[in-house]
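Residue numbers (the numbering used here): 53 to 325. C-beta atoms are modelled at their ideal positions from N, C-alpha and C, and glycine is treated no differently. Remember, it's a predicted structure, so these values are computed and weren't measured experimentally.
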Amino acid sequence: MENIHGTSLSSQINNWTGIQESLRRRLVLEDDFKWRVPTHEDGSEENSIAETLKYVGGVDLSFLKDDPSIACAGLVVVDLDNFNVVYDDFSVVQLQIPYIPGFLAFREAPILLELLEKVKHDAPLFYPQLLMVDGNGLLHPQGKGSVGFGLACHLGVIANLPTIGIGKNLHHVDGLVQSEVRILLEAKENCSKDLVTLTGYSGSTWGAAMRSTESSLKPIFVSIGHRISLDTALKAVKMTCKYRVPEPIRQADIRSRDYLQKHPWVAKIVQMQ
DNA sequence: GCGACAG
DNA sequence: ATCTTGTCGC
Numbered sequence: 053m054e055n056i057h058g059t060s061l062s063s064q065i066n067n068w069t070g071i072q073e074s075l076r077r078r079l080v081l082e083d084d085f086k087w088r089v090p091t092h093e094d095g096s097e098e099n100s101i102a103e104t105l106k107y108v109g110g111v112d113l114s115f116l117k118d119d120p121s122i123a124c125a126g127l128v129v130v131d132l133d134n135f136n137v138v139y140d141d142f143s144v145v146q147l148q149i150p151y152i153p154g155f156l157a158f159r160e161a162p163i164l165l166e167l168l169e170k171v172k173h174d175a176p177l178f179y180p181q182l183l184m185v186d187g188n189g190l191l192h193p194q195g196k197g198s199v200g201f202g203l204a205c206h207l208g209v210i211a212n213l214p215t216i217g218i219g220k221n222l223h224h225v226d227g228l229v230q231s232e233v234r235i236l237l238e239a240k241e242n243c244s245k246d247l248v249t250l251t252g253y254s255g256s257t258w259g260a261a262m263r264s265t266e267s268s269l270k271p272i273f274v275s276i277g278h279r280i281s282l283d284t285a286l287k288a289v290k291m292t293c294k295y296r297v298p299e300p301i302r303q304a305d306i307r308s309r310d311y312l313q314k315h316p317w318v319a320k321i322v323q324m325q
């Protein structure tokens with residue numbers, strides 16, 4: 053089966069795999085930023101000269117129920133001091149590439165990068181210090197016995213921004229199975245634990261399953277995107293979880309869905325072109 | 001061959 | 001991703 057460019061899907065996937073491998077060489081798996089994660093004692097005494105993490109971004113896409121190729125991409129920036137959304141922006145587009153497990157980035161990263169470039173230009177003071185992405189980072193299939201390179205890694209590298217991947221479901225990789233992970237988290241001997249490190253059959257660490265609030269039984273799946281360590285990523289995620297899903301991503305989800313509902317004509321126009 | 005497969 | 005109502009509880 054050939055598409056309009058005369059390219060078969062399988063050769064397209066070959067190209068994408070090559071791009072993932074080449075972008076992967078630029079991936080940084082350690083903390084690489086000048087800010088630090090605030091601690092609980094910070095409120096009273098803020099003597100430190102060091103910059104602290106304040107603006108955390110979140111991105112998500114919502115889709116039109118009638119036409120799943122039409123999407124609203126949303127970017128929000130949350131101020132950690134008060135959890136207020138200090139910036140949001142949306143873009144309605146027709147996606148040209150289908151969802152193929154393992155290649156989500158080629159579908160969603162371009163429009164998310166546009167939103168990041170726009171805030172950098174229009175409101176640089178709100179450009180996020182850290183970005184949370186709905187979708188995985190290292191927790192992603194990418195052969196050769198190494199960990200993967202999901203949307204959060206992809207976007208982090210092309211935007212040169214620290215990113216964390218947040219999955220609401222486990223992408224089964226390296227022998228990791230969602231049902232077994234949940235059993236570990238729910239086991240009596242682990243009832244006090246809210247974290248399970250996702251170490252696969254190969255011995256690689258892909259990320260962590262986290263019960264992000266007291267009341268949420270179902271975990272979220274956290275993995276490194278770019279320029280951050282797993283330890284730091286887990287602290288940042290925990291800190292932003294008022295509900296199960298970290299607030300920046302939750303707000304991007306709610307507001308992008310809301311935008312589509314309140315501006316149906318925008319979707320119509322995009323659909324016509 | 002069969003099932004699984006982020007969003 | 002999306003289709004979908006109410007319901008039980010803090």
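As DSSP reads the structure, Asn-136 sits in a beta bridge with Asp-131. DSSP, read as helix, strand or coil, puts Thr-265 in coil. The shortest C-alpha to C-alpha distance from Phe-273 to any of Phe-135, Ala-260, Leu-282 is the one to Ala-260.
Closest in C-alpha terms to Leu-147, from the list Asn-134, Ala-161, Thr-59, Asp-140, comes Ala-161. At the C-beta level, Val-144 and Phe-178 stay beyond 7 Å of one another. When the alpha-carbon of Gly-252 is set against those of Lys-287, Glu-232, Arg-88, the nearest one is in Glu-232. The C-alpha of Val-171 is placed about 21 Å away from the C-alpha of Phe-158. In the DSSP assignment, Asp-112 falls within the beta strand (DSSP E) that extends over 107–115. Gly-154 and His-192 do touch by the CB rule: their CB atoms are close to 7 Å apart, below 8 Å. 7 Å or more divides the Cβ of Arg-78 from the Cβ of Val-185. Residue burial is scored here from C-beta neighbours: Val-130 has at least 16 other C-beta atoms within 10 angstroms and is therefore classed as buried. Distance from the Cα of Lys-196 is smallest, within the candidate group Gly-219, Cys-293, Arg-76, Asp-133, for Arg-76. Straight-line spacing of the CA atoms in Trp-87 and Leu-182 works out to 10 Å.
Check the Cα spacing between Leu-127 and each of Glu-166, Pro-90, Asp-118, Ser-121: the tightest is with Glu-166. Look at Ala-125 here: in three-state DSSP terms it is strand.
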